[in-house]
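What follows is a set of notes on a single structure, which appears directly below.
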Amino acid sequence: MQLNKDELFKRLSDSVVAMNEEKTAELAQIIVVNQIDAYEAIEKGLSHGMERAGQLFEEGEYFVPELLICSDAMYAGLKILRPHIKIAEEGKKYRVVIGVVEGDTHEIGKNLVKIMLEASGFEIYDLGYDIPPHEFLEKAKEAKADIIAISTLMTTTMGRMKDVIHLLKEENVREHFKVIVGGGPISQVFADYIGADGYAANASAAAKLARKMVSSGS
Amino acid sequence: MTSKERLTELILGKPIDRVPFNPFSLGFNARIYGIDRGEFYRNPEKAFAAGLHLMETYPWMDTRPSYGWADRGAWEFGGKILWPDNNRFAAPQSFEPVITDPKEVDSLPDPDPQTAGMNPLIDRFNTISRKHGFPASLPGGTPTNLSAGIVGKTNFLKWLIRFPETIHKLQRKATNFIIRSAEITIGKFGAENCRIQCSVPLESNRLISPTTFEAFAKPYIKEILGYYISKGVRNIMVHLCGDHTSNLVHWVDMQLPPRTIFSIGLEMDLEKTGQLLGKDYVLAGNISTGLLQVGSFQEVFEDVKRCLNKGMKHTGGYILMPACELPPDTPLENIEAVAQALYEYGYY
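Structure, rendered in C-alpha cells:
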C-alpha cells in the first residue's frame, strides 16, 4: 500500500498537538524507513504541529504545561528526522541568539520561545540564563546572528535589557542586529522605551515576530 | 493620621485621610542601607535594620521591615540555595531541583520545620519584629512555590499533565510543611500577632489554566489559609503576581476573611479586579515596576495617578503599591515621583 505522505505529515502534526511523544517518534520512524523527505516532514509535520499548539496557546486553550509537552513530542520527532535532512534543502537559516538576562535564572519562557523559533526554522544559539550583556553581544557577533532575543521573568532585572541595547550602541553594532524582548513584566511600552525592535507577549507571537522581521528586513 | 492609624482604620473599613503606600521593598532596603543583597538575606537582623532605615528615610511610606523570598522549596527539602551575593541576583533562589524523577517523591523526607531552609532565618526576623511591636510573618509562599522548587519549574508544569498524582503528593508534602512551620510561629508569637503575605507567582494564568489552578493549587491554598484563620490570624495579604484574572472567581470562593488585602501585578486591571473581588476586600497595586526602574519622573508620576484614579474607586479600600517587589535599582527621583503623585491625588 502506497503511503500518502501528506496524510503522514498531517498525522505527525496531530501527534504533536496531541502531546503524543511516542506516536510522533513512531511516525517519524515510518517517514525515515519509507525514505520520505525528512525536511518536508519537519516543516509540514512537526513545525506545523508546534505552530498549531502555539495558536491554541494564544487562544487560551493550551497553557505552558501543554506547550512544553507538545515540544517534547516535536523534539522526539526531530531527533529521528534531523540526521536525514539533505544539506542543500535547508536554504538560508536565520540565526537567533537567545538568553535570559543577568541576575535572572528563570528559563521556561525563554525555552518556549526557543522551541517556537526552532519550529519556525531558525538556527538558535541558546546562551542559557543569568547572561551578562557583553555575552549577548559576543555571541551575536560570533554567530553572525540576525536577531538577539532577550528574556526576563523578573521586574528587578528588566533594566538589564536596556544594558544590552546600550552596549550594542556603544560598540556601533546596533544596526547589525534586531533585538526582541519578552517575559512576564515586559510590555510593548517598555520595549519601545528601551529601544528594542520588537516585543512579543508569548512564544508563539515571538516566532511570528521573528519571521516577520527577517522576511521584511525590518 | 500616623501610618499605623491609617492602616488600622483602613482594615477596619473606616474613613482615612489618604491612600496608604506600601513599597513592597526588600532589595531596595538593602541598597539604601548600604549592604549588598547577599548580606541582607543571610542576616535577618541586618534586614530588619535596613527596613527601619527605610521607614526613617521615607516616613510618608506606610511600611514596616520585611524579610523573605518567593523562590523556595529546594533548600527546605534538602537541596541548595543560591544567595544574591554581590547583588548578582535580586533574591535567594532555588538553585537546582532536589528530585527529577516522579518515583522519588514517595521517599522524599519531610523536613524539620525548626531547622529547614529559610525557617530559622525568618524566626530570627520575627523575634526582632515582635520586640519592636511589629507582627511576626507566617510562611509566605503557596505549596506550588515549594513543589516547583523541589522538582524544578519545568518538571512541575509538565507533571501537571504527565503525573498529576505525583503533583498532588508534592502539594501534600509542601502543605504539611507550611502548616507545621506555621504551628511553630503561631505557638511562639500568638495568632493575633502574626501576619501572612501569601505570594502567588506560579499560579498565574500565563502559566496554568484556571481549571489547573482549581484542581492542583486551590485546595491546598484553601487548607493553609483555613488553618491560619482557624487559629485566629486575621492580617492577610495575597499578592497575585502575574495575570490571575481567571482565577479570581476561585479566590472569592475561598471566602477569605473580610478586609483581606489583594495586591495585583501590572497584568491585571485595578478596577476590574476590585469589581470581581467585591467590597469586602481591600485592593492594592499596581504601579509599573518597569517604569519605576527605567521610566522618567513624569512617567512614574502619571502611572501613580493612573493607579490612584482606579484604586480609589474601590469601595473596599485601596493601598498604593508597586506591581511587584520594588526594583532594588529604582532611581530615588522616581520614589519622589510616587510621593508627589500620592500627595497631589491620593487624599480622600
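First to last, the sequence lines map onto chains F and A. So in the numbering used here, spot 68 of the first sequence is number 68, and the numbers just go up one at a time. So in the numbering used here, spot 127 of the second sequence is number 1127, and the numbers just go up one at a time. We put the CB at the ideal spot given by N, CA and C, even for glycine. Computed from a predicted model, the values in this text were never measured in an experiment.
C-beta neighbour in chain A for residue i, strict 9 Å
i, result
"Tyr-125/F", "no"
"Asn-20/F", "no"
"Phe-63/F", "yes"
"Glu-66/F", "yes"
"Asp-72/F", "yes"
"His-106/F", "yes"
"Pro-83/F", "no"
"Thr-24/F", "no"
"Ser-218/F", "The predicted model places Ser-218/F with a pLDDT of 48, which falls under 50 and marks its position as unreliable; any figure quoted below should be read in that light. No, Ser-218/F does not count as interfacial toward chain A."
"Phe-122/F", "no"
"Lys-162/F", "yes"
"Gly-118/F", "Before going further, note that residue 118/F is Glu rather than Gly in the sequence given. Chain A contact via Cβ: absent."
"Asp-130/F", "yes"
"Met-213/F", "no"
"Glu-170/F", "no"
"Gly-159/F", "yes"
"Met-154/F", "yes"
"Glu-135/F", "no"
Test item: CB-CB of residue i and residue j under 9 Å
i, j, result
"Gly-159/F", "Asp-130/F", "no"
"Gly-182/F", "Ser-151/F", "yes"
"Arg-1130/A", "Glu-1192/A", "no"
"Gln-55/F", "Ser-215/F", "no"
"Asn-111/F", "Thr-1212/A", "no"
"Gly-1285/A", "Ala-1323/A", "yes"
"Leu-1349/A", "Pro-1065/A", "Residue 1349/A is absent from the structure shown; chain A starts at 1001 and stops at 1348."
"Ala-119/F", "Leu-8/F", "no"
"Tyr-1228/A", "Thr-1175/A", "no"
"Ile-69/F", "Lys-1158/A", "yes"
"Lys-169/F", "Arg-95/F", "no"
"Leu-153/F", "Val-100/F", "yes"
"Gly-184/F", "Ser-1204/A", "yes"
Chain F within 9 Å of residue i, Cβ atoms only
i, result
"Glu-1203/A", "no"
"Ile-1032/A", "no"
"Pro-1328/A", "yes"
"Thr-1273/A", "no"
"Ala-1090/A", "yes"
"Thr-1142/A", "no"
"Gly-1265/A", "yes"
"Gln-1293/A", "yes"
"Glu-1045/A", "no"
"Ala-999/A", "Here chain A has residues from 1001 to 1348 only, and residue 999/A is not among them."
"Gly-1232/A", "no"
"Gly-1051/A", "no"
"Leu-1082/A", "yes"
"Gly-1027/A", "yes"
Selection from the options that minimises the alpha carbon distance to residue i
i, options, result
"Lys-23/F", "Glu-61/F, Ala-200/F and Ile-80/F", "Ile-80/F"
"Gly-1038/A", "Asp-1071/A, Ile-1287/A, Arg-1088/A and Tyr-1058/A", "Arg-1088/A"
"Asn-1119/A", "Val-1098/A, Ile-1184/A and Val-1252/A", "Ile-1184/A"
"Thr-155/F", "Ile-186/F, Val-164/F and Ala-73/F", "Ile-186/F"
"Gly-1232/A", "Met-1061/A, Leu-1138/A and Leu-1277/A", "Leu-1138/A"
"Pro-1257/A", "Leu-1266/A, Leu-1291/A and Lys-1222/A", "Lys-1222/A"
"Gly-109/F", "Asp-14/F, Lys-92/F and Gly-128/F", "Gly-128/F"
"Met-1061/A", "Phe-1024/A, Val-1249/A, Ala-1030/A and Trp-1075/A", "Phe-1024/A"
"Gly-1051/A", "Glu-1336/A, Arg-1006/A, Thr-1100/A and His-1132/A", "His-1132/A"
"Ile-1236/A", "Phe-1095/A, Gly-1027/A, Pro-1020/A and Ala-1136/A", "Ala-1136/A"
"Ile-1150/A", "Glu-1104/A, Ile-1224/A and Ile-1122/A", "Glu-1104/A"
"Leu-1202/A", "Thr-1260/A, Ile-1261/A, Glu-1333/A and Gly-1141/A", "Gly-1141/A"
"Ile-1167/A", "Gly-1152/A, Ile-1179/A, Ile-1196/A and Ile-1178/A", "Gly-1152/A"
"Glu-1302/A", "Ile-1319/A, Lys-1313/A and Asn-1334/A", "Asn-1334/A"
"Tyr-1067/A", "Thr-1289/A, Leu-1207/A, Ser-1230/A and Ser-1199/A", "Ser-1199/A"
"His-1250/A", "Leu-1292/A, Ala-1215/A, Ile-1261/A and Arg-1259/A", "Ala-1215/A"
"Ile-1319/A", "Leu-1276/A, Gln-1293/A and Arg-1259/A", "Arg-1259/A"
Proximity test, residue i beta-carbon vs the ligand SAH heavy atom, cut-off 8 Å
i, result
"Tyr-62/F", "The ligand SAH is absent from the structure shown, which contains no ligand whatsoever."
| field | Contact residues within the stretch 1151-1162 of chain A, judged by C-beta distance below 8 Å to chain F | value | Lys-1153, Thr-1154, Leu-1157, Lys-1158, Leu-1160, Ile-1161 and Arg-1162
| task | Go through the stretch 1084-1132 of chain A residue by residue and report every complete run of the alpha helix (DSSP H) that reaches 4 residues or more, in order. | result | 1119-1131
| query | Using Cβ-Cβ distances below 9 Å, what residues of the stretch 1204-1217 of chain A are close to chain F? | reply | Ser-1204, Asn-1205, Arg-1206, Leu-1207, Ile-1208, Ser-1209 and Thr-1212
| field | Length at least 3, wholly inside the stretch 1246-1285 of chain A: the beta strand (DSSP E) runs in chain order | value | 1261-1264
| task | Output, in sequence order along the chain, the residues in the stretch 182-196 of chain F whose CB is closer than 9 Å to any CB in chain A. | result | Gly-184, Pro-185, Ile-186, Ser-187, Val-189, Phe-190, Tyr-193 and Ile-194
| field | Interface positions of the stretch 1293-1318 of chain A facing chain F (Cβ-Cβ less than 8 Å), listed along the chain | value | Gln-1293, Val-1294 and Gly-1295
| request: Pick out the complete beta strand (DSSP E) segments inside the stretch 132-186 of chain F, 3 residues or longer, and give them in chain order. | output: 147-151 and 178-182
| Quick one: complete beta strand (DSSP E) runs, 3+ long, within the stretch 17-97 of chain F? | none
| Residues of the stretch 1087-1111 of chain A with Cβ closer than 7 Å to any Cβ of chain F, in chain order | Arg-1088, Phe-1089, Ala-1090 and Gln-1093
| field | Minimum length 3: unbroken beta strand (DSSP E) runs contained in the stretch 1176-1229 of chain A | value | 1194-1200
| request: Could you run through the stretch 1274-1289 of chain A and flag, in chain order, every residue whose CB is less than 7 Å away from some CB of chain F? | output: Thr-1289
| said: If the cut-off is 7 Å on Cβ atoms, which residues from the stretch 1228-1252 of chain A count as contacting chain F, listed in chain order? | reply: Gly-1242
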